[in-house]
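All residue numbers for the sequence shown refer to our numbering, where the first residue is 21 and numbers rise by one. Just so you know, even glycine gets a beta-carbon here, dropped at the ideal spot from N, CA and C. Please read these numbers as outputs of a predicted model, since none were measured by experiment.
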Amino acid sequence: MTREQLIKEIFSKRSYLCVGLDTDIAKIPKYLQSHPDAIFEFNKQIIDATKNLCVSYKINTAFYEAMGMKGWEAMEKTVNYIPDTHFKIADAKRGDIGNTSSQYAKAFFETLNFDAITVAPYMGEDSIKPFLEYENKWTILLALTSNSGAADFELKKVITEIEELEEEIHITKQQTSYLYETVLQTAVKWGTPGNLMFVIGATQADQLVNIREIIPDNFLLVPGVGFQGGSLEEVSKYGMTKDCGLLVNVSRAIIYAGEKENFAEEARAIALQYQQEMKFYLQGIN
21 MTREQLIKEI FSKRSYLCVG LDTDIAKIPK YLQSHPDAIF EFNKQIIDAT KNLCVSYKIN
81 TAFYEAMGMK GWEAMEKTVN YIPDTHFKIA DAKRGDIGNT SSQYAKAFFE TLNFDAITVA
141 PYMGEDSIKP FLEYENKWTI LLALTSNSGA ADFELKKVIT EIEELEEEIH ITKQQTSYLY
201 ETVLQTAVKW GTPGNLMFVI GATQADQLVN IREIIPDNFL LVPGVGFQGG SLEEVSKYGM
261 TKDCGLLVNV SRAIIYAGEK ENFAEEARAI ALQYQQEMKF YLQGIN
């Protein structure tokens with residue numbers, strides 16, 4: 021999916037909602053748990069109920085990988101069932117030396133029909149480049165996450181050297197910044213606003229003004245709204261651009277809204293609440 025197609029879907033549906041299919045067989049309605057294809061059947065009903073309210077689905081691959089071959093089959097069936105009008109994200113958090121990343125990219129962009137994959141930047145540019153080489157595919161780089169452990173590294177202050185030209189003389193200066201800022205400043209040069217997004221947790225909304233100064237044009241994938249307590253209002257206020265520039269992911273609050281046979285209807289009701297709030301915020305830019 022191209023950037024233009026994604027933006028068109030956002031303004032057509034008046035929504036930047038991404039529904040997270042973090043499907044845990046132990047948490048789906050009990051009547052479905054004995055179904056021979058329980059995970060896919062659950063996902064299918066969620067997709068049918070929410071597809072006109074969201075623009076994206078994010079599959080957290082860990083929930084499927086944990087089930088072995090049966091889980092991989094359910095994941096493949098799910099991603100193939102999602103309409104091509106929707107942005108399909110593999111939340112796989114991959115990233116390794118170049119030849120390994122090439123195989124990860126092939127797995128999720130060729131063997132599986134995903135539009136995007138989340139990656140960890142710790143190993144540097146050569147670990148990310150293989151994902152960026154695919155046309156009309158997206159790399160979503162972890163930058164500032166919503167978990168408490170973000171303080172361990174992402175929010176640590178680091179000293180970096182920068183070169184400036186003063187009176188035709190190159191001068192090296194030092195600056196202090198958060199590690200996540202260094203990641204953004206470095207990684208934004210690896211791709212373009214048409215193939216590179218960044219993960220910014222909704223619980224870090226106070227950093228969004230600063231983040232938008234560093235990466236004004238890239239889309240942000242924002243998890244953490246819902247059970248993790250992030251504010252959709254604050255994320256939208258400080259992170260939105262003229263192209264929207266946001267995909268806000270909600271997982272458990274939507275897919276586990278109901279425990280009975282009408283679970284999909286209840287999921288739709290919650291998704292509608294988010295979509296209506298997003299519609300309101302989008303009025304300010306279009």
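Quick test of your reading: residue i and residue j, contact by CB under 8 Å. State the CB separation rounded to the nearest angstrom.
i, j, result
"N269", "V242", "7 Å"
"C264", "I305", "7 Å"
"G250", "A287", "Not a contact, Cβ separation roughly 19 Å."
"T309", "G244", "Absent from the model: residue 309. The displayed extent of the chain is 21 to 306, so no value can be given."
"I109", "S147", "So it is not a contact: roughly 19 Å between Cβ atoms."
"T138", "K113", "5 Å"
"M21", "D135", "5 Å"
"R23", "P213", "7 Å"
For residue i versus residue j, is the C-beta spacing smaller than 8 Å?
i, j, result
"L164", "P141", "no"
"F107", "A125", "no"
"T70", "V39", "yes"
"W210", "E155", "no"
"I231", "Q205", "no"
"Y84", "W92", "yes"
"L199", "M217", "no"
"S166", "Q248", "yes"
"E96", "L41", "no"
"L292", "G259", "no"
Looking only at its own chain, which residues have a Cβ that is under 8 Å from the Cβ of residue i, when we skip the five neighbours before and after it?
i, result
"K33", "N72, L73, C74, V75 and Q295"
"E153", "A125"
"K176", "Y198 and L199"
With a threshold of 16 other CB atoms inside 10 Å of the CB of residue i, please say whether the residue is buried or exposed.
i, result
"A207", "buried"
"S168", "exposed"
"N119", "exposed"
"S271", "buried"
"F300", "exposed"
"G88", "exposed"
"E201", "buried"
"D67", "For clarity, residue 67 is Ile in the given sequence; the question names Asp instead. Flag for I67 reads buried."
"E285", "exposed"
"A171", "exposed"
Report all residues from its chain with a CB closer than 7 Å to the CB of residue i; omit the five preceding and five following residues, and keep chain order.
i, result
"L52", "A58, E61 and F62"
"I290", "A273, I274 and A277"
"Y36", "I30, V75, C264, L266, L267, V268 and M298"
"T105", "E29"
Quick one: residues in its chain with C-beta nearer than 6 Å to the C-beta of residue i, no 5 flanking neighbours on either side, listed in chain order?
i, result
"L26", "F107"
"F129", "Y154 and K157"
"L302", "R34"
"S122", "P150"
"F283", "P49"
"V203", "P141 and A163"
* Is there contact here, the segment 250-267 with the segment 278-285, by at least three beta-carbon pairs under 8 Å? -> no
* Would you be able to state if there are at least three C-beta pairs under 8 Å between the segment 46-53 and the segment 77-84? => no
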